[in-house]
Amino acid sequence: MSALPFTIYVSFTGALLALAVGARSAARARLVALSTAVAGLAITLVAGAGFTPQAGLHTLVDLPWIAEAGIRYHLAADGISLTLVVLTGLAATAGVLFSWNIEERAGEFFALYLALIGGVYGVFLSADAFTLFAFYEIAIVPKYFLIAIWGSTNREHGAMKLVLYSFAGSALVLAGLLWVHAAGAATGFGLGELIAAAARVSPGEQIAMFALVFLGFAVLAGLFPFHTWAPTGHVAAPTAASMLLAGVVMKLGAYGCLRVALPLFPEGFAFWQPTIAWLAVAGILYAGFIALVQDDFKFVIGYSSVSHMGFVLLGLAAGNPPAVAGAVLQMFSHGVIAGLLFAVVGRMVYERTHTRRLADLRALPLHRALPFAALVFVIAGLASMGLPGFSGFPAELAILIGTWKTSPAWALGAGAGVVLAAAFTLRAIQVAFFGTTDKSAAQPAAASLPCEPITLPERAGAMLLVAATVYVGLNPDALLDWITPALQSPVMQAALKGGVS
Amino acid sequence: MKPNYTELFAALSPEAALIVGALLVVVLDLTLGRKKIAEARWHAAVRIALLAVGLAGCFTFASGRPGAEFGGAFMLDALAQATRYSVLVLAALSLALLPGTARMRHPAEFVAVVLFATAGFSVMATAQNLLIAFLALELASLSLYVLAGFDKTRPESAEAALKYFLFGGVSAAFLLFGFSLLYGLTGSIELNVIARELGAQAASPLLVVALVMVLVAFGFKAAAVPFHLWAPDVYQGAPAPAAALIASASKVAGFTFFARLLWSGTGASSGQAPAWMLTLAILAGASLLLGNVAALAQRNLRRLLAYSAIAHAGIMLLGVMTGTRFGPGALLYYTFTYGLATVGTFGVIAIIERAGRCQDLDDLAGLYRRSPLLAGCLLMFVLSLAGIPPLAGFFGKFLLFSQALRLTGLTGPAGWLAIAAIALSAVALYYYLIVLKRAFVTPAVAGTEARIAVPLKPALALLLAAALLLALGVFPSSALRLVT
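Chains as they are written, first to last, in our numbering: chain G, 15 to 515; chain S, 308 to 791.
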């Protein structure tokens, strides 16, 4: 447990090391990146194995940092952070495995990649708002370069849009945090101190502050109608970056909402709760419908991400412990599943067929040419639809049950989203992998298809993520036993009382 | 008062070291250096100048007896000492960029004028007396005009110098007029006497006129809207090392000088909220808005930096407002770290110019291949300007905005300015990323792919600036402790 901060240090050290060795050899940079990511994953898994669930944050490091501003370097973890750092470890490792074929400027690629990972670990472990915010911003900038340099379709536009949305969101968060710090006369930036300060401001101000902070974080979580960066960014990004974006970066936003916005401003949350919930439902349905008619395979997955993140936001908005526990579980589940989907589309399919148009893919007998890719995609698709046996099922079920307690109307709306998810996922599976077997159309295309076999790193990465989703699907209590006690801390109880009434 | 010249020398030994260094540079170049090639003369001049700056730093450390000196003409408080260190570091970095990058004739003269300017900055930091303050400001300004026009081979350089000189001359006239009114109101040229006298008087229209005059001059020095018009042309036309000094050390010294003037000289004049607060807020707001929006439209890298400087000036003005309650720490931290990033950026420009052109953003294309070192340093500097952690630019903004919101909350202009500045930082990120996109994403244009050789001294200067930005960003307390 106390080794968890080393996930951050290991990642940043790995970034420097990858940069240093990458100038000479891409292979060495890959090895550095893989060992760094595996080391991070190992630290999180060991911490998870020795974790005794408890209410409240378990302090890992607490040092005075900037005394002049009352800022402490305070890292802490509870079951929620632990769930998400394990996810980060998994996604980071899988991402490296799926970027094994990066040859151009590999050192820089993995350096930026690991710097992003380090920032993500930092956010999940921070218990001081300044520290959290600093790590949050550290995670933003590498995305620009990852997408703009190694991306595809319209990459510079996608990268800029994504980074500006994230940064504008973080500016809202900063404004809100500094405002509450000043208005509540807080002595420092520790989350506890800010919670005490927020209790001293008037309800009207709380409502405005909550709006700033929640919206700022929620932009990154893909809240409708501020989600438009997500599909374009995911599509433009190289595979590993899409996996990270959908897998963990969107979770940063949701985590910020849960860790900062809700506990700080319970009254603001109570005021905005219905709005957030309806926006979340709108996002689930809107993105679902859009995904249904996309012609670009990656856009289908991009919009499905927005739709699934809508469930996370709905779970948070429902504001009762079962729904929020479901939301955290869904963060984990979606992180793993979205990683898998993007890996199949971006790495396994696109880099072999050089097309992502469903109309083109329909003509290719992909299930025969790439049986492994088809198998993984079917598994990931079933998981994404929320079939029992995969992690999506307990997560969405918990969210829907929890949401029903708060408002049946929201649950019904989101329930329709589950049906939509099944529709667009099945369509993607059918069209992309089991398209027409019309001999006249398929044969010439198949002949011209230079399908190199799926490589070992790809298989390893896919197996890792499939194992994670199946394990959590069959044994959701493994994570829920971490998450549920964390929601019983006084801080979380105060924030989540709004939903029970 | 019986003047005690030993005391004066002890107080001003850093400046004396700089002046002696400047004279030595010129004399040695005229005697020993006549027959040498230009490259060797640059190296020799810079070596002597760096020695002088280093000595000045040691003397500053040794003269650490806080308090008023020479009958109150100089004030050696923490702010003055920290400002001295800051301008010395920035001047040293600007000097270290010279060997191998400057292609002007007359190396000794250029270096000597840099030292004169530095001496002016250093006196500005300590002046507690209107007359000495004005003399120091003029010493620094005249040196900077010369530096801006030093490159006689380029008409842009002459244009920059002339514009800078005309604007600067007018603003000096305003400042002198304001000073004369202050003297007329209080009968003294000493800041603490002025403060005492003004505190005792009722607010008068004459004081308002005096303040407006001072603020006009301040606006010019800080390149705040609407007195910013010189900045883009000077940044574009001046030789890169000169622009580095104008954009960095001059800012630091100017802000210390004017902030001290406003805080101690005229701050106490009208109760809690000084009369200049609102005017300053308007200047700051206009600078933030115009700087950030105009920077979006720039295709010339140096003009872009100028507009970004105008936007940063808006934030620094906010720091002058918050300093009334929270002390000068945040302001000085911000100006110094901004100066480091700007010196670095201009250093990168200077080195690229060695190998060709560096005016347009497109001239940066392919920098990551042409020189990974320069590209990496540029990344640090630009991200610090943009305020991305863990670099120092981030913490500077964070501290200033936090103080501005604590000053009066959202009931005063400072709080709203902070909110506006936070919002505009997202706009700023766009143009900073455009710069970095050219350096890291866009491939080099055919014909300019050649690698750029980076001379040792400038390389060390850039690395030092980048390391300082990182170190100060991660451990800001170490710098803040110097000021408080």
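Each residue gets a CB set at the ideal place from its N, CA and C atoms; glycine is no exception.
For the stretch 240-266 of chain G, no residue has a beta-carbon sitting nearer than 8 Å to a beta-carbon of chain S. Under the Cβ criterion of 7 Å, Pro-373(S) is not counted among the residues facing chain G. Contact between Gln-287(G) and Gly-353(G) is ruled out by a C-beta separation of about 31 Å, above the 8 Å threshold. Following the DSSP letters along the chain, one finds Asp-495(G) inside the alpha helix (DSSP H) bounded by residues 491-500. Residue burial is scored here from C-beta neighbours: Ala-507(S) has fewer than 16 other C-beta atoms within 10 angstroms and is therefore classed as exposed. Close CB contacts of Leu-266(G) within its chain, under the 7 Å cut and outside five residues either way in sequence, are with Val-134, Val-137, Tyr-150, Ala-153, Leu-234 (chain order).
Here DSSP, grouped into helix, strand and coil, assigns Trp-114(G) to coil.
Beyond the five residues adjoining it in sequence on each side, Thr-439(G) comes within less than 6 Å, by CB distance, of Gly-395, Ser-398, Met-399 in the same chain, given in chain order.
Neighbours of Glu-170(G) in chain S, taken as residues at a C-beta separation under 8 Å, are given in chain order as Lys-744, Val-748. Around the beta carbon of Leu-339(S), a 10 Å sphere encloses fewer than 16 other beta carbons of the protein chains shown; the residue is thus reported as exposed. Contact of Ser-709(S) with chain G by beta-carbon distance below 8 Å involves Ala-83, Leu-192, His-195, Ala-196.
When the five nearest sequence neighbours on each side are left out, the beta carbons in the same chain lying within less than 8 Å of the beta carbon of Val-734(S) are those of Asn-599, Val-600, Leu-603, in order along the chain. For Val-75(G), the beta-bridge partners assigned by DSSP are Leu-89(G).
Sequence-distant Cβ neighbours of Leu-33(G) in its own chain, meaning closer than 7 Å and more than five residues away, are Gly-121, Glu-122, Ala-125. Take the alpha-carbon of Thr-246(G) and the one of Ile-443(G): they are about 21 Å apart. For Pro-783(S), the residues of chain G that pass the 7 Å Cβ criterion are Ile-80, in the order they occur in the chain. If you check the CB distance, Ile-741(S) and Ala-189(G) do not come in under 7 Å. Taking the beta carbon of Tyr-737(S) as reference, the chain G residues within 8 Å of it are Met-174, Leu-178, listed in sequence order. Three or more Cβ pairs closer than 8 Å define a contact, and the stretch 363-378 of chain S meets that threshold against the stretch 322-329 of chain S.
Secondary structure at Asp-384(S): coil, using DSSP grouped into helix, strand and coil.
When DSSP reads this structure, Arg-371(G) sits in a beta bridge with Asp-310(G). Contact annotation: Phe-428(S) and Ala-560(S) have beta-carbon atoms nearer than 7 Å. Below the 7 Å Cβ cutoff, chain G contributes Leu-178, Phe-181, Ala-182, Ala-185 as neighbours of Ala-733(S), in chain order.
Nearest to Val-532(S) by alpha-carbon distance, out of Ser-615(S), Leu-692(S), Leu-590(S), Leu-473(S), is Leu-590(S). Interface flag for Gly-716(S) against chain G is set, since a Cβ pair is found closer than 7 Å.
Neighbours of Phe-159(G) in chain S, taken as residues whose beta carbon is under 7 Å from its own, are Phe-747 in chain order.
In the structure shown, the three-state DSSP call for Ile-344(S) is coil. Closest in alpha carbon position to Gln-710(S), among Thr-629(S), Leu-777(S), Ala-757(S), is Thr-629(S).
Between the beta-carbon of Leu-48(G) and that of Val-110(G) there is about 5 Å, and that keeps the pair under the 8 Å contact cut.
Taking a Cβ-Cβ cut-off of 8 Å, the neighbours of Glu-151(G) in chain S comprise Ile-695, Pro-696, Phe-701, given in sequence order. In this structure, the beta-carbon distance from Ala-509(S) to Leu-397(S) does not fall below 7 Å. Rounded to whole angstroms, the separation of the alpha carbons of Tyr-364(G) and Ala-373(G) is 14 Å.
When beta bridges are read from the DSSP output, Asp-142(G) appears opposite Gly-204(G). With a threshold of 7 Å between beta carbons, Leu-518(S) makes no contact with chain G. Contact between Leu-380(G) and Ala-387(G) holds: CB atoms are separated by about 7 Å, below the 8 Å threshold. Taking the Cα of Phe-228(G) as reference, the smallest distance to any Cα among Ala-260(G), Pro-422(G), Leu-272(G), Ser-347(G) is reached at Leu-272(G).
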